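The sequence shown begins at 1 in the numbering used here and counts up one residue at a time.
We put the CB at the ideal spot given by N, CA and C, even for glycine.
All of these numbers come straight from a predicted model, not from anything done at the bench.
Just below is one structure, and these are the notes that go with it.
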Amino acid sequence: MRRDRPFVRLSPSPQRAIKIMSDPTHKKRVLLVDDERMVLNVYQTALRRAAPDWEVEVAESGVKALEMMKERPFDIVVTDMRMPEMTGSQLLAEIQQHHPATARVVLTGYTEQERVLQSIGSVHQWLSKPCNVKTLQTTLARIFDLQEHIHEPWIKEMAGKIRSLPSLPELFFRVLDELQTPYSTPEQIASFVCRDAGMTARLLQLVNSAFFGFSHQVRDVTEAVQLLGVGTVRALALSMKVFSCFDVKDYPGLDAHKLYYESLVVGTLARNLLAVDSAETPEQEAAFTAGLLRGVGCLVLANSLRETYADLLTQAAHSRQPLPEVEQKTLGITHAEVGAYLMGLWGLPVQITEAIGFQYRPSNSSNRGLNALTGLHVAQAIVGATHAHEALQLTAPLDVAYLRECGLDDNLPRWEALFHQRDRQPPN
């Protein structure tokens, strides 16, 4: 049985699989942009020495960078934020529009917080200055890992064009009201933020970026609000397009209300399954967050493919086949993998991206045990079984072989009972 490394990339499925770029002449290409030549030389020399199979080029301005990208594409662009003529934010906005498949990383200082918030829609990851070469190399390597296993260019372009995910109108106004209330606690704010997949993803992206420099990975929205502070979260909400609401009618065939509701139910159950067996708290929160974001790929596909995805949803509903199966046959990829790819680009913790990406086929992961992936996989299967009468199934059957390998197959009756007792409703 094939097993992949922990989810720093997407897994091939048994039927398809995602084709790996096998051109031996292809070099992974990085473009470093900074107006200080000495800084460029240091990074270029160090990266070439540490990763000789990478092609590392430099540009001393945003204008020069765009000229170079017209000649030959780059896989990743790393730019300083403060530059004359064209800022890093302006450069990345141009790259997002004209070269959306290129991953976009910013080097920035702590005093540039306002600029960071203004550029959030066009940036995949932030790194704080001064940035050591090892941190930069690790960040680039993870992005390359993600890119290498997505062969279809349209998927990279589609993910690269996403500035934010849609928020439901009522969630938008409720979160803003809560943020503007002077006596709101982090717990109260988090309770509303958790109901919105887009805000949750971007908030975790920001708090886990090297820009803020926290010493550990943050998986819990309440902790993110506490660490960032209400003021930063308020600025984040007001500056990001996540809160520029898409009308749910813009997604023909996709019931966004139902998707959010079921994601809350699944995420709550995933967390409680781990809690009942005393799994570590970080895994519990990662399971809940992964459950909340499990349908992100559906939003991306619906937003990007429009009528094509609407037809696919109709086909899945009429045939009563699980949606992931129909996506696999029609698109060659599932919403789980698309969502995991985007969340990986945004730098979310591996536990979360792995759980999202492997939620329907956990055996394809190298991970075994009582963890976020296991909790999410079991939760989606249990919830899906209770909704078997519905036409559109955002679920997959339980992977019993995986549970057996984890030594957890005997837990299933107890987990099912837990759902029927406690988890039919999302958290208040």
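Given this structure, state the Cα-to-Cα distance separating residue i from residue j, to the nearest angstrom.
{"i": "Ser128", "j": "Leu107", "result": "6 Å"}
{"i": "Val225", "j": "Leu274", "result": "24 Å"}
{"i": "Asp399", "j": "Gly229", "result": "41 Å"}
{"i": "Leu299", "j": "Pro397", "result": "22 Å"}
{"i": "Ser366", "j": "Ala372", "result": "13 Å"}
{"i": "Asp196", "j": "Arg294", "result": "12 Å"}
{"i": "Arg49", "j": "Ala385", "result": "53 Å"}
{"i": "Met240", "j": "Ile162", "result": "Because Met240 sits at a pLDDT of 45, beneath the cut-off of 50, its placement in the model cannot be relied upon, and the following sentence gives the value as read from the coordinates. Computed Cα separation, rounded: 12 Å."}
{"i": "Gln393", "j": "Arg361", "result": "15 Å"}
{"i": "Lys28", "j": "Tyr43", "result": "16 Å"}
{"i": "Arg320", "j": "Leu312", "result": "12 Å"}
{"i": "Gln188", "j": "Lys70", "result": "48 Å"}
{"i": "His420", "j": "Leu264", "result": "15 Å"}
{"i": "Trp126", "j": "Ala355", "result": "23 Å"}
{"i": "Trp154", "j": "Ala101", "result": "8 Å"}
{"i": "Gly357", "j": "Ala379", "result": "15 Å"}
{"i": "Val218", "j": "Pro349", "result": "8 Å"}
{"i": "Lys156", "j": "Ile76", "result": "12 Å"}
{"i": "Gly109", "j": "Glu262", "result": "40 Å"}
{"i": "Asn208", "j": "Thr185", "result": "21 Å"}
{"i": "Met343", "j": "Ile150", "result": "14 Å"}
{"i": "Gln96", "j": "Phe74", "result": "12 Å"}
{"i": "Leu269", "j": "Asp220", "result": "16 Å"}
{"i": "Leu146", "j": "Glu416", "result": "34 Å"}
{"i": "Met68", "j": "Leu136", "result": "22 Å"}
{"i": "Leu418", "j": "Glu337", "result": "28 Å"}
{"i": "Asp53", "j": "Val78", "result": "18 Å"}
{"i": "Ser191", "j": "Thr222", "result": "8 Å"}
{"i": "Val193", "j": "Gly291", "result": "14 Å"}
{"i": "Pro84", "j": "Leu91", "result": "11 Å"}
{"i": "Arg368", "j": "Gln359", "result": "13 Å"}
Going by DSSP, name the residue or residues bridged to residue i.
{"i": "Glu57", "result": "Leu31"}
{"i": "Gln90", "result": "None; Gln90 has no bridge partner."}
{"i": "Gln44", "result": "In DSSP, Gln44 forms no bridge with anything."}
Any Cβ of chain C within less than 8 Å of the Cβ of residue i?
{"i": "Cys194", "result": "Absence of chain C from the displayed structure is noted, only one protein chain being present."}
Residue i by DSSP, collapsed to three states: which one?
{"i": "Leu418", "result": "helix"}
{"i": "Arg202", "result": "helix"}
{"i": "Pro322", "result": "strand"}
{"i": "Gln380", "result": "helix"}
{"i": "Gln96", "result": "helix"}
{"i": "Gln393", "result": "strand"}
{"i": "Val265", "result": "helix"}
{"i": "Glu327", "result": "helix"}
{"i": "Thr386", "result": "helix"}
{"i": "Leu84", "result": "In the sequence under discussion, the amino acid at residue 84 is Pro, which differs from the Leu named in the question. Residue state, collapsed to three classes: coil."}
{"i": "Asn411", "result": "helix"}
{"i": "Ala316", "result": "helix"}
{"i": "Arg195", "result": "coil"}
{"i": "Thr185", "result": "coil"}
{"i": "Gly375", "result": "helix"}
{"i": "Asp255", "result": "coil"}
{"i": "Leu274", "result": "helix"}
{"i": "Ala51", "result": "coil"}
{"i": "Asp247", "result": "Confidence is the limiting factor: at Asp247 the pLDDT is only 47, short of 50, which leaves the residue's position unreliable and the question unanswerable from this model."}
{"i": "Ser122", "result": "helix"}
Just reading off the beta strand (DSSP E) that residue i is part of, what are its end residues?
{"i": "Asp80", "result": "76–80"}
{"i": "Thr108", "result": "103–108"}
{"i": "Ser128", "result": "125–128"}
How about residue i: is its Cβ closer than 7 Å to a heavy atom in the ligand SAM?
{"i": "Lys70", "result": "The model on display carries no ligand, and the ligand SAM is accordingly not part of it."}
Over what stretch of residues does the alpha helix (DSSP H) that includes residue i continue unbroken?
{"i": "Trp154", "result": "153–161"}
{"i": "Glu148", "result": "133–148"}
{"i": "Leu228", "result": "221–228"}
{"i": "Val400", "result": "400–406"}
{"i": "Ala287", "result": "281–292"}
{"i": "Asn461", "result": "Residue numbering for the chain in the displayed model covers 1 to 428; residue 461 lies beyond these limits and cannot be assessed."}
{"i": "Met343", "result": "335–345"}
{"i": "Glu71", "result": "62–71"}
{"i": "Gly357", "result": "350–357"}
{"i": "Val218", "result": "Premise fails: Val218 is in no alpha helix (DSSP H) and is neither H nor E."}
Buried or exposed: residue i, going by 16 or more other Cβ atoms within 10 Å of its Cβ?
{"i": "Met38", "result": "exposed"}
{"i": "Ser89", "result": "buried"}
{"i": "Pro130", "result": "exposed"}
{"i": "Pro322", "result": "buried"}
{"i": "Asp430", "result": "This structure cannot settle anything about residue 430, because the visible part of the chain is limited to 1 through 428."}
{"i": "His318", "result": "exposed"}
{"i": "Ser122", "result": "buried"}
{"i": "Pro169", "result": "Residue placement at Pro169 is flagged as unreliable, the pLDDT there being 48, under the threshold of 50; the coordinate-derived value follows with that caveat. So Pro169 ends up on the exposed side."}
{"i": "His216", "result": "exposed"}
{"i": "Ala287", "result": "buried"}
{"i": "Asp277", "result": "exposed"}
{"i": "Gly407", "result": "exposed"}
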